[in-house]
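Enquirer: Would you mind keeping the following structure in view while I ask a few things?
There are 2 protein chains.
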Amino acid sequence: MTDSPRRRIPEAAVGRLPVYLRILSDLVGEGTTQISSEQLAELAGVNAAKVRKDLSYLGTYGTRGVGYDVQYLLYQIQRELGLNQSWPVIIVGAGNLGQALANYAGITERGFHIVGIVDKDESKIGTVVGGVRVRHADDLQQIAQSKGVSIGIIATPAPHAQEAAEALVRAGIGSILNFAPAVLAVPKGVNVRKVDLALELQILSYYEQCRSDTRGDSQGGQSTPVSA
Amino acid sequence: MTDSPRRRIPEAAVGRLPVYLRILSDLVGEGTTQISSEQLAELAGVNAAKVRKDLSYLGTYGTRGVGYDVQYLLYQIQRELGLNQSWPVIIVGAGNLGQALANYAGITERGFHIVGIVDKDESKIGTVVGGVRVRHADDLQQIAQSKGVSIGIIATPAPHAQEAAEALVRAGIGSILNFAPAVLAVPKGVNVRKVDLALELQILSYYEQCRSDTRGDSQGGQSTPVSA
Chain A
0 MTDSPRRRIP EAAVGRLPVY LRILSDLVGE GTTQISSEQL AELAGVNAAK VRKDLSYLGT
60 YGTRGVGYDV QYLLYQIQRE LGLNQSWPVI IVGAGNLGQA LANYAGITER GFHIVGIVDK
120 DESKIGTVVG GVRVRHADDL QQIAQSKGVS IGIIATPAPH AQEAAEALVR AGIGSILNFA
180 PAVLAVPKGV NVRKVDLALE LQILSYYEQC RSDTRGDSQG GQSTPVSA
Chain B
0 MTDSPRRRIP EAAVGRLPVY LRILSDLVGE GTTQISSEQL AELAGVNAAK VRKDLSYLGT
60 YGTRGVGYDV QYLLYQIQRE LGLNQSWPVI IVGAGNLGQA LANYAGITER GFHIVGIVDK
120 DESKIGTVVG GVRVRHADDL QQIAQSKGVS IGIIATPAPH AQEAAEALVR AGIGSILNFA
180 PAVLAVPKGV NVRKVDLALE LQILSYYEQC RSDTRGDSQG GQSTPVSA
């Protein structure tokens, strides 16, 4: 070993780094070169002290009165998240969601490349999705090993998600991103994260309900708050 | 007005309610009837004091030594998020992502129903997706008004997202969920939330990188940590 193992960052802070990363990417696109912790905090919806603490784990502290260099901070977060390399990823499920993910610029342009897509549906096998030929689910292990895959995505319908997880684990994959609305049982040591596509929709629903309450009953058809 | 406007819950707490909701739904499925704030906190990845505080906004405090009634808490969170009704939703973009969302059980079974899908691609118009016939993007306003839609989903490729947002705003829709990896400019008062499908993948990448560091260089091909 040449490097000592990196220090661990608290889980909640790790979860915020991709949010900062997305904001910084947008800022770079807009030509912004400096940002204060207060500005970054507001864009991320957290408080400024937390932003400064989170970024201090990267060994970066900003400059008083100037803030952070956007490009350099972006680089540091990418490096910390392991996104200065591109991870080979395999997708289980070549339906609409699997196809959407394989073609999603937000994934393929930001630290990941899809090296395999598998399905059990014979009609899908052999088709090309996101530049990759769909192969049979039985080939999962062979693809994972030949391509050195350590991250798998489950994009199957819910009833097939557990089976997909077991196949990924058998193939030696230790990190699983689950898009199926299903609870997975996996061996200890396998890292599963779940994406709930409805979560943000439920947050919107809360605010829409608040607007309805403000409007009162007689204004039910309108979609803008009514001032009294 | 018969009811007074509901009290506002802090934004960060609103963001955690759908997480609790998902966990409680899973617990109900497993037959669990009671849960302590400590257990819920662990499953949600936050601390127990925060869980108790968040739930106190719903006017619920649990019972010392017993915890919360899972079913009742589920009901309370659903009510607070406005999910005791089903919201009509319109999707812009009938490509793979739009189709996946229209068919996603996690959305259609949990407080939302898709009443319209629009696209500009003539080859998609008239096809049926998730039980709904795809219509031309020009019909967006007519659909939104006839169905009383207040929530719109953008599932277009990134270069078309701004145009989609403007069409939704013109149609009187005040809440937008954006799946496209693009920054949107909308008028004040329009609530936009962004779903970044790569965010959780970037968190997995962090932990995979930590594993690689623990393994050291010579073990690069393995996907399980090596104990010395």
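Going line by line, the protein sequences match chains A and B. In case it helps, numbering that gives the first Met the number 0 puts the first sequence at residues 0 to 227. In case it helps, numbering that gives the first Met the number 0 puts the second sequence at residues 0 to 227. Using N, Cα and C, we set each Cβ at its ideal position, and we do this for glycine too. None of these values were measured; they are calculated from a predicted model.
Output the distance between the C-alpha atoms of E121 of chain B and H135 of chain B, rounded to the nearest integer angstrom.
Expert: One-based indexing of the second sequence puts residue 121 of chain B at position 122. One-based indexing of the second sequence puts residue 135 of chain B at position 136. Distance between E121 of chain B and H135 of chain B, taken at the CA atoms: about 8 Å.
Enquirer: Going along the chain, which residues of its own chain have a beta-carbon closer than 7 Å to the beta-carbon of P156 of chain A, five neighbours each way excluded?
Expert: Working through the first sequence from its first residue, we reach residue 156 of chain A at position 157. Cβ within range, chain order: A179.
Enquirer: Give the DSSP-derived three-state secondary structure of K49 of chain A in the structure shown.
Expert: The count along the first sequence starts at 1 and reaches residue 49 of chain A at position 50. Three-state DSSP puts K49 of chain A in a helix.
Enquirer: Which residues in chain B sit within 9 Å of G58 of chain A, going by Cβ to Cβ distance?
Expert: Numbered from 1 along the first sequence, position 59 holds the residue referred to as residue 58 of chain A. Near G58 of chain A there are no residues of chain B at all, since even the closest Cβ is about 16 Å away, more than 9 Å.
Enquirer: Run through the region 154 to 190 of chain A for me and flag every whole beta strand (DSSP E) of 3 or more residues, listed as ranges in chain order.
Expert: DSSP runs (the beta strand (DSSP E)) wholly in the region 154 to 190 of chain A: 174 to 177.
Enquirer: Suppose contacts are defined by Cβ-Cβ distances below 8 Å. Is L139 of chain A in contact with V168 of chain A by that definition?
Expert: Start at 1 with the first residue of the first sequence, and residue 139 of chain A comes out as number 140. Start at 1 with the first residue of the first sequence, and residue 168 of chain A comes out as number 169. Cβ distance not < 8 Å, so L139 of chain A and V168 of chain A don't count as in contact.
Enquirer: Does the separation of the CB atoms of G81 of chain B and E207 of chain A fall below 8 Å?
Expert: The sequence position of residue 81 of chain B within the second sequence is 82, counting from 1. The sequence position of residue 207 of chain A within the first sequence is 208, counting from 1. Yes, these two residues count as a Cβ contact at 8 Å.
Enquirer: State the DSSP-derived secondary structure class of P17 of chain B, mapped to helix, strand or coil.
Expert: Numbered from its first residue, the second sequence carries residue 17 of chain B at position 18. Reduced to three states, the DSSP call for P17 of chain B is helix.
Enquirer: Report the rounded CA-to-CA distance for S149 of chain A versus P87 of chain A, giving the unit in angstroms.
Expert: For this step, residue 149 of chain A is matched to residue 150 along the first sequence. For this step, residue 87 of chain A is matched to residue 88 along the first sequence. Near 7 Å, if we compare the C-alpha coordinates of P87 of chain A and S149 of chain A.
Enquirer: With a CB to CB cut of under 8 Å and the five nearest residues on each side skipped, what residues in its chain are close to P4 of chain B?
Expert: Taking the second sequence and counting its residues from 1, one reaches residue 4 of chain B at position 5. At P4 of chain B the pLDDT is 46, less than 50, meaning the model places this residue with poor confidence; the figure from the coordinates comes in the next sentence. Cβ within range, chain order: n/a, list empty.
Enquirer: In angstroms, rounded to a whole number, what distance separates the CA positions of T62 of chain B and R15 of chain B?
Expert: Numbered from its first residue, the second sequence carries residue 62 of chain B at position 63. Numbered from its first residue, the second sequence carries residue 15 of chain B at position 16. Rounded to whole angstroms, T62 of chain B to R15 of chain B spans 21 Å at the Cα level.
Enquirer: Compute the Euclidean distance between the alpha carbons of S36 of chain A and G44 of chain A, then round it to the nearest angstrom.
Expert: Within the first sequence, residue 36 of chain A is the residue found at index 37, counting from 1. Within the first sequence, residue 44 of chain A is the residue found at index 45, counting from 1. Distance between the alpha carbons of S36 of chain A and G44 of chain A: 12 Å.
Enquirer: Assign V27 of chain B to one of three DSSP states: helix, strand, or coil.
Expert: As a first step, residue 27 of chain B is located in the second sequence; it is residue number 28 there, counting from the start. Helix.
Enquirer: Would you mind telling me which residues of chain B sit closer than 7 Å to I116 of chain A, beta carbon to beta carbon, in chain order?
Expert: As a position in the first sequence, residue 116 of chain A is number 117, starting the count at 1. At a C-beta separation below 7 Å, I116 of chain A has no neighbours in chain B, since its nearest C-beta there lies roughly 12 Å away.
Enquirer: CB-CB under 7 Å to A101 of chain B, same chain, minus the five flanking residues each way: which ones, in chain order?
Expert: Position 102 of the second sequence, counted from the start, is the residue given in the question as residue 101 of chain B. Excluding sequence neighbours, A101 of chain B sits near I90, I113, I116, V128, G129, V131.
Enquirer: Roughly how many angstroms separate the alpha carbons of V50 of chain B and Q141 of chain A, rounded to a whole number?
Expert: Translated into positions along the second sequence, residue 50 of chain B becomes position 51. Translated into positions along the first sequence, residue 141 of chain A becomes position 142. Distance between the alpha carbons of V50 of chain B and Q141 of chain A is about 44 Å.
Enquirer: When we look at the beta-carbon of R109 of chain B and count the other beta-carbons within 10 Å, is it buried (16 or more) or exposed?
Expert: Taking the second sequence and counting its residues from 1, one reaches residue 109 of chain B at position 110. Per the 10 Å Cβ criterion, buried.
Enquirer: Assign G64 of chain B to buried or exposed, taking buried as 16 or more other Cβ atoms, counted over all protein chains shown, within 10 Å of its Cβ.
Expert: For this step, residue 64 of chain B is matched to residue 65 along the second sequence. When all chains shown are included, G64 of chain B counts as exposed.
Enquirer: On the DSSP bridge list, what partners appear for I34 of chain B?
Expert: For the purposes of this step, residue 34 of chain B is taken as the residue at position 35 of the second sequence. DSSP lists B:Y67 as partners of I34 of chain B.
Enquirer: Restricting to Cα atoms, I'd like to know which of A:A12, A:N190, A:D212 is closest to G171 of chain A.
Expert: In the first sequence, residue 171 of chain A corresponds to position 172, counting from 1. It is A:N190 whose Cα lies nearest to the Cα of G171 of chain A.
Enquirer: Looking at C-alpha atoms only, which residue of A:K52, A:S204, A:G188, A:L20 is the closest neighbour of A197 of chain B?
Expert: Taking the second sequence and counting its residues from 1, the one referred to as residue 197 of chain B is at position 198. When only C-alpha atoms are compared, the closest one is A:L20.
Enquirer: Could you tell me which whole beta strand (DSSP E) segments of length 3 or greater appear in the region 59 to 119 of chain A?
Expert: 86 to 91, 111 to 118
Enquirer: State the beta-bridge partners of V133 of chain A as determined by DSSP.
Expert: As a first step, residue 133 of chain A must be located in the first sequence, where it is residue number 134. According to DSSP, which records beta bridges pairwise, V133 of chain A is partnered with A:I116.
Enquirer: Shortest alpha-carbon distance to I124 of chain B belongs to which of B:G147, B:A143, B:G92?
Expert: The count along the second sequence starts at 1 and reaches residue 124 of chain B at position 125. Closest by alpha carbon: B:G92.
Enquirer: Would you identify the three-state DSSP class for K193 of chain B, choosing helix, strand or coil?
Expert: The residue labelled residue 193 of chain B in the question sits at position 194 within the second sequence. K193 of chain B: strand per DSSP, three-state reduction.
Enquirer: Among A:Q201, A:T213, A:G151, whose alpha-carbon lies nearest the alpha-carbon of G105 of chain B?
Expert: Along the second sequence, one-based indexing puts residue 105 of chain B at 106. Checked all of A:Q201, A:T213, A:G151; the closest Cα to G105 of chain B is A:Q201.
Enquirer: Please state whether DSSP places I142 of chain B in a helix, a strand or coil.
Expert: As a first step, residue 142 of chain B must be located in the second sequence, where it is residue number 143. If DSSP states are grouped into helix, strand and coil, I142 of chain B belongs with the helices.
Enquirer: Using only the alpha-carbon positions, how far apart do Q75 of chain B and S55 of chain B sit?
Expert: What you label residue 75 of chain B is simply residue 76 of the second sequence in a count that begins at 1. What you label residue 55 of chain B is simply residue 56 of the second sequence in a count that begins at 1. C-alpha separation (whole angstroms): 11 Å.
Enquirer: List, in order along the chain, the chain A residues whose C-beta lies closer than 7 Å to that of G81 of chain B?
Expert: The residue labelled residue 81 of chain B in the question sits at position 82 within the second sequence. Ordered by position in chain A, the residues that pass the 7 Å Cβ test against G81 of chain B are S204, Y205, E207, Q208.
Enquirer: Mapping the DSSP letters down to three states, classify I8 of chain B as helix, strand or coil.
Expert: Here residue 8 of chain B corresponds to residue number 9 of the second sequence, with the count starting at 1. Looking at I8 of chain B - three-state DSSP - the assignment turns out to be coil, as it is neither helix nor strand.
Enquirer: Step through the CB atoms of chain B and report whether any lies within less than 8 Å of the CB of I142 of chain A.
Expert: The residue you call residue 142 of chain A lines up with position 143 of the first sequence. For I142 of chain A, the answer is no, since every Cβ of chain B falls outside 8 Å of its Cβ.
Enquirer: Beta-carbon within less than 6 Å of K119 of chain A's beta-carbon, same chain only, minus the 5 sequence neighbours each way: which residues are those?
Expert: On the first sequence, residue 119 of chain A is found 120 positions in, with the first residue counted as 1. A136.
Enquirer: Starting from the beta carbon of R21 of chain B, find every residue of chain A whose beta carbon is closer than 7 Å, and list them in chain order.
Expert: To locate residue 21 of chain B, count along the second sequence from 1; it is residue 22. Those are D195, listed as they occur along chain A.
Enquirer: On a CA-only basis, which of B:F111, B:D25, B:R7 is nearest D53 of chain B? Give me that one, please.
Expert: As a first step, residue 53 of chain B must be located in the second sequence, where it is residue number 54. Nearest neighbour of D53 of chain B by Cα position, chosen from B:F111, B:D25, B:R7, turns out to be B:R7.
Enquirer: Can you check whether the C-beta of Q201 of chain B is within less than 8 Å of a C-beta belonging to chain A?
Expert: Taking the second sequence and counting its residues from 1, the one referred to as residue 201 of chain B is at position 202. For Q201 of chain B, the answer is yes, since a Cβ of chain A falls inside 8 Å of its Cβ.
Enquirer: Mind listing the chain B neighbours of V168 of chain A? Cutoff is C-beta to C-beta under 8 Å, in chain order.
Expert: In the first sequence, the residue the question calls residue 168 of chain A occupies position 169. Simply none; closest approach about 10 Å.
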